Structure formats: C-alpha cells, structure tokens
Amino acid sequence: MRRCFGLVLVFALLPVSLGAMVSTGKSQYIVSHSFQVNYVIDQKQTDYISNLFKHQLPLQVPNAGVVGCRNFTRVCRDGAKDFGVGATCEVRSGNNRFLLLLCENSRLGRLRWAESQSHAPNREAVVAFIEENCLQSGRR
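FYI, the numbering for the sequence shown is 999 to 1138, going by the working numbering.
1. Specify, as a first and last residue, the run of the alpha helix (DSSP H) that residue 1051 falls within.
2. Helix, strand or coil for residue 1081, going by three-state DSSP, please let me know.
3. Let's see if you can read the secondary structure: which residues bound the beta strand (DSSP E) around residue 1103?
4. Just the Cα atoms here: how many angstroms apart are residue 1104 and residue 1079?
5. Rank 1069, 1101, 1057 and 1065 by C-alpha distance to the C-alpha of residue 1118 and give the top, closest one.
6. Going by DSSP, what residues sit across from residue 1090 in a beta bridge?
As structure tokens, then:
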C-alpha cells in the first residue's frame, strides 16, 4: 500500500465504517479499497488548513471571511500522489453567516466550496465533499 504524499500530519481516528484501521506510530487512519481518510487534530496543521481557506476564499467570494473551521479531514485515493484537505467552516459575508464545506486539492491548489445543507455537518459529510470535489477523479 502506498502512502499519500504531502504534509506529515498527526491524525485522530473517529468511527467510520470503511475498511480497516492502520496505525503507524503518530498517526492512525482508515483504509478502504478506494481511499484513505485522515482526521487532522494537530493544532499546527489545523491552523495551516484554516489559513489556507482564509486566504483563498476571498479570492473567489469577495467580502467573505472564514470565522472558524472544524472537522478537518484529509482524503487521498490509494496510490494517488495528490490528496484533498477539507473542513466545515463558518463564513461571514457582510452581516450574514453561513456554514460551508470547503476543500482544496493539493496538486491543483483549487479551492471548492458549497453551502452546507445541514446545521451540523459531520466528518462523513466532509469526506464525501472532498471525494466528490477535490480529488483528481472527482468533478472539476
């Protein structure tokens, strides 16, 4: 099994009904036949992802600002050289606040976003959003 290329992150494992758990010292992740899911909990890495979204979102949505994010997740396809990172983020635009699903592809540096259809999206929603929008085989 090949590991995802990119940042070395520290992860937490939450219950997901996919494949088997693998532990490699500092990280734990879920492996299925099609993709690997890492839940990011390291403060440096969550800050990095938040800052990435804070800088990129206003380039696509003027006057939008990321207030805060949670459910930080990293997904890569088995054997793929690229991966997607994502989270649920509270975003303000003027006097309005929205809950968005955000993700970025590591190779393309492309930010994708959509308004959450749930008031409390979970990590599985973030995984599905990343897989659909920020992996090479997903929509472009």
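Backbone N, C-alpha and C fix where the C-beta goes; we use that ideal spot for every residue, glycine too.
A quick note: this is a predicted structure, and the numbers were derived from the prediction, not measured.
Based on what the coordinates show:
1. As a first step, residue 1051 is located in the sequence shown; it is residue number 53 there, counting from the start. 1041-1058 is the span of the alpha helix (DSSP H), which, as asked, contains residue 1051.
2. Residue 1081 sits at position 83 when you count from the first residue of the sequence shown. Residue 1081: coil per DSSP, three-state reduction.
3. In the sequence shown, counting from the first residue as 1, residue 1103 sits at position 105. Segment 1094-1103, the beta strand (DSSP E) holding residue 1103.
4. Stepping through the sequence shown from its first residue, residue 1104 is reached at position 106. Stepping through the sequence shown from its first residue, residue 1079 is reached at position 81. Computed Cα separation, rounded: 9 angstroms.
5. To locate residue 1118, count along the sequence shown from 1; it is residue 120. Measuring from the Cα of residue 1118, the nearest candidate turns out to be 1069.
6. As a first step, residue 1090 must be located in the sequence shown, where it is residue number 92. Looking at the DSSP assignment, residue 1090 forms a beta bridge with 1063 and 1095.
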